[in-house]
Structure formats: structure tokens, C-alpha cells
Amino acid sequence: MNSIKLEWKRGDWAAYFGLMTNNLTNLLTMSGAAHFCRRDPY
């Protein structure tokens with residue numbers, strides 16, 4: 667089996683942190699909306 671070493675590029679890091687930030691923003695927004703609408707104590 668051939669082993670291929672993948673190298674990280676500058677754009678890869680930008681995409682990784684951009685996607686992480688987007689997912690975190692969506693999670694916080696949806697959690698806030700659920701808390702506001704349902705008044706759950708979490």
C-alpha cells in the first residue's frame with residue numbers, strides 16, 4: 667500500500683477554522699433560539 671503524505675496549506679487552515687466558527691455560530695444561535703422559545707433551564 668502506498669503511503670501518501672498530505673501537506674496542510676494556508677487555505678486548508680483558513681477553511682478549517684472558518685468551518686469551525688460557522689458550526690459554533692450555528693450551534694449557539696440554535697441553542698439560544700431553543701432556549702428562548704421553550705424556556706428550558708439549560
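At position 6 of the sequence shown the residue is numbered 672 (the working numbering), and the sequence of numbers has no breaks. Cβ coordinates follow ideal geometry from the N, Cα and C atoms, glycine included.
### Among Met696, Ile670 and Leu685, the one whose alpha carbon lies nearest that of glycine 677
Leu685
### Message
What does the alpha-carbon distance come out to for the pair leucine 693 and asparagine 668?
### Response
39 Å
### Task
State the Cα-Cα distance for the pair phenylalanine 702 and threonine 687, rounded to the nearest angstrom.
22 Å
### Query
Just the Cα atoms here: how many angstroms apart are alanine 681 and tryptophan 674?
11 Å
### Query
Can you tell me whether DSSP reads arginine 676 as helix, strand or coil?
helix
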